[in-house]
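The structure appears below as structure tokens.
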Amino acid sequence: MSGMPVGIDLGTTYSLISVFAEAGTSKLVPGADGTFLTPSAVGLSDTGSLLVGAAAKARQLTNPDRTHVLFKRHMGTGKEFRLGRKTYSASDLSALVLRKLADDFRAAYPDTAIESLVVSVPAYFSSAQREATMLAAELAGLPRPRLVNEPTAAALAYGLQDREGESTFIVLDLGGGTFDVSIIEMFEGVMEVRASSGDVVLGGEDFTDVIARDISEKLLVDLDGVGDAKRSIIATAAEAVKRRLSEAATAQVTVPLGKGKDYSLTREAFEALSAKLLIALRRPIDRCLYDAGVSVDRIDRVVLVGGATRMPMIRSLAARALRRLPEAGLHPDLVVAIGASVQAALVQRNAALSDLTMTDVAPFSLGINSVVHMPSGTIQNGFTPIIERSTILPASRSQRFSTIADQQAEIEFGVFQGESPMAFENARIGEGKVRVPRAPAGQEGIDVRFSYDTSGLLHVGITVVSTGQRSEIVIEGGAQSLSPEERKRRIRALEALMVHPRDESVNVATLERLKGLYSMLLGQERESSAELIARFEQALASQDPRRIAQVRDEVELAASRMEENYVR
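Residue numbers (this note's numbering): 3 to 570.
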């Protein structure tokens, strides 16, 4: 069986999979419905079967209590998501999305194995979040992947188009739930990431939430106090308004609460409502420029990535901040997946990419807590960086620490990531402890070595100076770390859920889309959507694959027209 390099963009709102073909180009892999974008959504059907992707997303409006989205924001945490009688972690739900993408790959390339796998993550993902992503791939039955930062993947996609160019460009990646910024220099096929910054809880969904809250205020609805069903209706209307305002100066919808309530918003008012979010977007841009030591005048190209960058206010922000009109030569929703497969080919040392080299940097500082002596005084629980942010990866750095008390028998420390001088204000990602010979204070010490790889995973080595005794720590994401037995159990549990026919999933997605449309419309338009539902139900009852496919295409087209007319 032959193999191919495969890249996956595991996104907050949508996920994609691509391959690097023999011709030296990346190709996106479509799902059963023919589209490249798979919603990052997991839910339960009315019969209790698992739904992943479009089928689950379509039920978010009608069954919000049985549908989960945006779980990427909780990777590497202990948050649990309930579906029926079972609970799942963000890694579990992400594994289901990854498994669906892998099934799409196998359907498109039935006699081909995944030879090398790269999964993209936000540049500002912590070690815990990165390990949780690796765990999701393992739970999905995929090879252990390499990770690539999303802006780096986007840069690779653009670099594939222009290998001979010489330029400095900044990538602004605003996805559904995260924002990343990277500055990359390219020279004769060598692409070097100079700096990265970002925010893992700032994305397009936050702009949707701004509109949702404005809807609730104007329609006198307590958004925090209403049930899941009404909240989902308001969120759906807000998303429709946001998308419309990317194309038009005004948007108007009828929100189906009670007898229906009209809501309108102008693009100018939307930008005013989003003022705090726009300020938050500037911070990572300014930090990235500072870390790279690059002035705005040295930026040759501004590249926008992620569906949320379609909002005119984002393009305006980029132009004002960087004094250059942004470009989007490649599709902003697809570019990260394309770049991920390029990285997979680089890992494989594909001959078609022999003239392309990529380096990346640490997005945040890594160090330990210690007593820090300064001219102005002593910080008892200070943060001592061992690998500073913007260090080129892979990197390995060592620093020596000594005992602070007479006859001290052991040295214990925490491993932190962040930029605060106080250790407790940074994220604690691990800890280490080692015994040392008893001696007067300062006479015994340890060398602590941090090794940080290109996937953003950290290895800590400790050597007692006087004895040469060595110990190691592998940072594996805290609550996400599992024993081999627990991993096998989780894999078996998830595999039991992944047995649903592909055509059923496609049909469920269509039916739920029609039901969601019915819930949003009123009057004659609602009756028309009900007729579409009845027509598709009849086709499904026939069990004739050709008839089902034909009717599905027809009702999907009619639904698209109704959705276009919903927002005026």
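Even for Gly, the Cβ is constructed at its ideal location relative to N, Cα and C.
So, using beta-carbon positions, are residue i and residue j closer together than 8 Å?
| i | j | result |
| --- | --- | --- |
| residue 363 | residue 197 | yes |
| residue 251 | residue 217 | no |
| residue 395 | residue 455 | yes |
| residue 132 | residue 149 | yes |
| residue 109 | residue 142 | no |
| residue 361 | residue 195 | yes |
| residue 64 | residue 539 | no |
| residue 458 | residue 127 | yes |
| residue 407 | residue 371 | no |
| residue 156 | residue 305 | yes |
| residue 21 | residue 7 | yes |
| residue 512 | residue 556 | no |
| residue 52 | residue 70 | no |
| residue 298 | residue 337 | no |
| residue 571 | residue 452 | Residue 571 lies beyond the residue range present for the chain, which begins at 3 and ends at 570; the question has no answer from this structure. |
| residue 443 | residue 405 | yes |
| residue 439 | residue 468 | yes |
| residue 78 | residue 134 | yes |
| residue 320 | residue 460 | no |
Please report the distance separating the alpha-carbon of residue i from that of residue j.
| i | j | result |
| --- | --- | --- |
| residue 384 | residue 423 | 6 Å |
| residue 412 | residue 447 | 10 Å |
| residue 292 | residue 153 | 17 Å |
| residue 508 | residue 90 | 24 Å |
| residue 516 | residue 68 | 18 Å |
| residue 286 | residue 199 | 5 Å |
| residue 284 | residue 234 | 30 Å |
| residue 44 | residue 13 | 13 Å |
| residue 375 | residue 386 | 11 Å |
| residue 272 | residue 30 | 34 Å |
| residue 505 | residue 268 | Interpretation of residue 505 is limited by its pLDDT of 45, a score under 50 that renders its predicted location unreliable; no figure is taken from the coordinates. |
| residue 74 | residue 302 | 33 Å |
| residue 93 | residue 491 | 14 Å |
| residue 193 | residue 186 | 7 Å |
| residue 146 | residue 536 | 45 Å |
| residue 221 | residue 211 | 15 Å |
| residue 420 | residue 190 | 34 Å |
| residue 258 | residue 521 | 7 Å |
| residue 415 | residue 277 | 41 Å |
| residue 552 | residue 38 | 21 Å |
| residue 88 | residue 27 | 42 Å |
| residue 281 | residue 549 | 52 Å |
| residue 530 | residue 245 | 24 Å |
| residue 388 | residue 402 | 10 Å |
Hey, residue i and residue j are a contact pair by Cβ (cut 8 Å); roughly how many whole angstroms apart?
| i | j | result |
| --- | --- | --- |
| residue 168 | residue 188 | 6 Å |
| residue 60 | residue 35 | Actually they are not in contact, since the Cβ atoms of residue 60 and residue 35 sit about 11 Å apart, beyond 8 Å. |
| residue 179 | residue 72 | 6 Å |
| residue 182 | residue 151 | 7 Å |
| residue 10 | residue 339 | 7 Å |
| residue 279 | residue 208 | 6 Å |
| residue 99 | residue 17 | 5 Å |
| residue 431 | residue 450 | About 14 Å separates the two Cβ atoms, so there is no contact after all. |
| residue 561 | residue 523 | That belief does not hold up - the Cβ atoms of residue 561 and residue 523 are roughly 11 Å apart, past 8 Å. |
| residue 350 | residue 117 | 6 Å |
From the DSSP output, read off the bridge partner residues of residue i.
| i | result |
| --- | --- |
| residue 265 | 255 |
| residue 385 | 371 |
| residue 11 | 18 and 122 |
| residue 575 | Residue 575 cannot be examined here, being either before or after the span of the chain that is shown, 3 to 570. |
| residue 41 | 16 |
| residue 465 | 449 and 472 |
Along the beta strand (DSSP E) that carries residue i, what are the first and last residues, could you check?
| i | result |
| --- | --- |
| residue 69 | 69 to 71 |
| residue 209 | Segment 206 to 220 is the alpha helix (DSSP H) holding residue 209; no beta strand (DSSP E) there. |
| residue 454 | 447 to 454 |
| residue 29 | 28 to 30 |
| residue 79 | Taken as a continuous stretch (DSSP letters only), residue 79 belongs to no beta strand (DSSP E), as it is neither H nor E. |
| residue 115 | 114 to 123 |
| residue 431 | 429 to 437 |
| residue 200 | 192 to 201 |
| residue 189 | 181 to 189 |
| residue 329 | Looking at the DSSP string, residue 329 is not in any beta strand (DSSP E), and its letter there is neither H nor E. |
| residue 233 | Not the beta strand (DSSP E): residue 233 falls in the alpha helix (DSSP H), residues 230 to 247. |
Do we get a CB-CB distance below 8 Å when we pair residue i with the residues of chain D?
| i | result |
| --- | --- |
| residue 461 | Here there is only one protein chain, and chain D is not present. |
The alpha helix (DSSP H) spanning residue i covers which residue range?
| i | result |
| --- | --- |
| residue 129 | 129 to 141 |
| residue 295 | Careful: residue 295 lies outside any alpha helix (DSSP H) and carries neither H nor E. |
| residue 105 | 92 to 110 |
| residue 318 | 314 to 324 |
| residue 301 | Segment: none, residue 301 is in no alpha helix (DSSP H) and carries neither H nor E. |
| residue 345 | 337 to 349 |
Hey, is residue i close to the ligand GDP, as in C-beta under 7 Å from one of its heavy atoms?
| i | result |
| --- | --- |
| residue 92 | The ligand GDP is absent from the structure shown, which contains no ligands of any kind. |
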